[in-house]
Each structure stands twice: as C-alpha cells, then as structure tokens.
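Accompanying notes for the structure given below.
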Amino acid sequence: MSWETVDLDRNEGVATITVDRPDRLNAMNVETLEALDEALDEARDARALVLTGAGDDAFVAGADISYMAELDVEQAQAYAELGHHVTDAIETFSCPVIAAVNGYAFGGGCELALAADLRVAAESAVLGQTEIDLGIVPGWGGTQRLSRLVGDERARRLVFFGERVEASEAREMGLVGEVVADDDLDDHVAEMAADLAAKPKHALQAAKESLNQVHESHQSAGLTYERRLWSGLFGTDDQREGMRAFVEDREPDFE
Ligand code: COA
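Numbered according to the numbering used here, the sequence shown spans residues -12 to 242.
Structure (structure tokens):
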C-alpha cells in the first residue's frame, strides 16, 4: 500500500514502511506523519517491522522546518502531539521495529529512530538532535528517550551542541546498535526482520511490552513536559530566526 509520501510493503510477516519524500530528504510534514500513522495501523498484524527512508541520502532529515517556521504556540502544540502520537505508536507497536538508518537522521528523524526497538545504521549515516540551532529543543520524545541509550552527559552534549555524529561514533555511544556497509544495510535488516518474524509472536510481544515498562511511568510525565516546553518556544525570536534562516539558506542571528 502507498500514500503520497509513505510506502508500506509486506513480505512474509515482515512489513517495511518507507518515508518517501526524497526531494525534502524525507522531512516529516503533517501529511507524512499522518500517512506514517496510517501505515503503522495498516501493518499492525506484522511480526517484524522495518522503518526506513527513500533515496540514498536520508533516513529522515527531521520535522519539516518550512512548515514549522511560521507555527504559533498552539499550532506547535498540535504538531508535537502528532509527533508524540506517531513515536508512541512506533514504541508500542505490536512487534519489534527496526530503524534502518540509511542516511541523515536529524531532529524528528533521529527521534523516529529512537522510538524503534533496534537501530541499524549505514556507514554513511549521520545522526543528531540538531534542534538547538533552530531555536527549539527535541519535541518528539528526544529529551526523554535519548539519555536511555547514550547516558545523561552524552544526551546533554548532543542536545546542547546539536552535534551531528557519524554512524561509527553513534555506535560507540549506543545511539545505534550496529553499523553496516551502505550496500549491506537492506539485506542485513531484512535478515534480522525475517529472524524476528520467525520467533514466537506472543512471546516477542510480551518481551517488548515488558521491556517498555522500565520507562513507562516516568516517560509519560516527561513527554507532557517536553511538549509544553517545545511548543512554548514557538513565537520566540530565536525560533523564528533559526527556522527562517534555514528556509532562506543563511546563518541564523540569535538574540
Ligand atoms: N525540513 C524541511 N526541508 C528540509 C529539511 C527539513 N528538516 N531538511 C532538508 N530539507 C530540504 C532542503 O530545504 C532542500 O530543499 P530545496 O531543494 O527546496 O532547497 C532539500 O531538502 C535538500 O536539502 P539540502 O539542504 O539542499 O541538502 P544538503 O545535502 O545540502 O544538506 C542536510 C542536507 C540534512 C545537512 C540539511 O538539509 C539540513 O541540515 N537539514 C536540516 C536538518 C535539521 O536540522 N533537522 C531537524 C529538524 S527538527
């Protein structure tokens, strides 16, 4: 099945969802988030799910900055709610989700990968929570999920500096679980997904659900907090300047 910017493919228990907006490096606008949400729902009977991006350059280069540039606080709140809804749907999806990070995974793109169970990156992939240079903070779960993988100090460095890290460094810090040659990514992930699809479905579901519980009680409060702070930044001079500078292809001039 396919939507304008998202494709869903199924093969023997493995569903593959591809964000397909390569001319914008698969940046997630509202339409794409909604399509991803529908694709996840459509794929709910899968036994393993792969999430990836179309083209050679990007997994997902983030939330759509052109769209965000003019949002007010209320609109930003709705966008954050949609982003949280979709990342929660990935995190709680009925079977394991593997993010095949085939290129840039910045901001909201990195957060989609963080919501997956497992992350495999191509050697040439680059990841980061880069929002700070747009005058905002991660708003689709990054402030809550990042430190679990990389630890508190590393998470702060990534978020405060907006560092862009190559796949090998991402592997060292635990941001991705594995790095493979670019040409091997699809086959390797397909093999992992096929292995998972052959496992006992209910046991796998129970394992995932139980592993997710470790974070649950703290996270829901944290996500509410993140959404409030994130949308509160819309309408600040730095958010306007940071995003307009990106859209106009110039360096931002922050307060
Ligand atoms: N939102 C909207 N559009 C985006 C985008 C985003 N997050 N990321 C890339 N694009 C668009 C670019 O504006 C460009 O559009 P254009 O062809 O109409 O000019 C197109 O995708 C290709 O990107 P471009 O910047 O020309 O490619 P590049 O190879 O020079 O650089 C990146 C790639 C990923 C380094 C750069 O696009 C970038 O920094 N993107 C923003 C990343 C980011 O901060 N994401 C977090 C958002 S929450």
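By construction, the Cβ of each residue, glycine as well, lies at the ideal position given by its N, Cα and C atoms.
Note that this is a predicted model, so its numbers are computed, not measured.
Check: Cβ distance (whole Å) where D59 is taken to contact G222 below 8 Å; Outcome: 6 Å
Check: F147 beta carbon near ligand 1 (any heavy atom closer than 6 Å); Outcome: no
Check: Spatial distance of T(-8) from A208 (CA atoms); Outcome: 32 Å
Check: Beta-carbon separation (whole angstroms), E228 vs G122, contact threshold 8 Å; Outcome: 6 Å
Check: Through-space distance from D171 to T117, alpha-carbon basis; Outcome: 27 Å
Check: Any non-hydrogen atom of ligand 2 closer than 6 Å to G222 Cβ; Outcome: Ligands in the displayed structure: ligand 1; ligand 2 is not one of them.
Check: Sub-7 Å separation of A87 and L36 beta-carbons; Outcome: no
Check: Outcome for V234 when other beta-carbon atoms lying within 10 angstroms are tallied against a minimum of 16; Outcome: exposed
Check: Test item: CB-CB of G115 and V152 under 7 Å; Outcome: yes
Check: Which residues DSSP lists as bridging F93, in chain order; Outcome: G115
Check: L136 - containing alpha helix (DSSP H), residue span; Outcome: G129 to V137
Check: Cut-off 6 Å between Cβ atoms - residues of its own chain near Y54, not counting five sequence neighbours on either side; Outcome: N16
Check: E78 burial status per 10 Å Cβ neighbour count (16 or more: buried); Outcome: buried
Check: At least three beta-carbon pairs within less than 8 Å, the segment 121 to 141 to the segment 172 to 183; Outcome: no
Check: Which listed residue (Y66, Q62 and I119) has its alpha carbon closest to that of Q226; Outcome: I119
Check: When K186, D224, H72 and L198 are compared against E(-1), the one with the closest alpha-carbon; Outcome: K186
Check: Stretch-stretch touch, CB-based, cutoff 8 Å, three pairs: the segment 62 to 82 with the segment 28 to 44; Outcome: yes
Check: Bridge partner(s) assigned by DSSP for M15; Outcome: A50
Check: Beta bridge counterpart(s) of S(-11) as assigned by DSSP; Outcome: D(-6)
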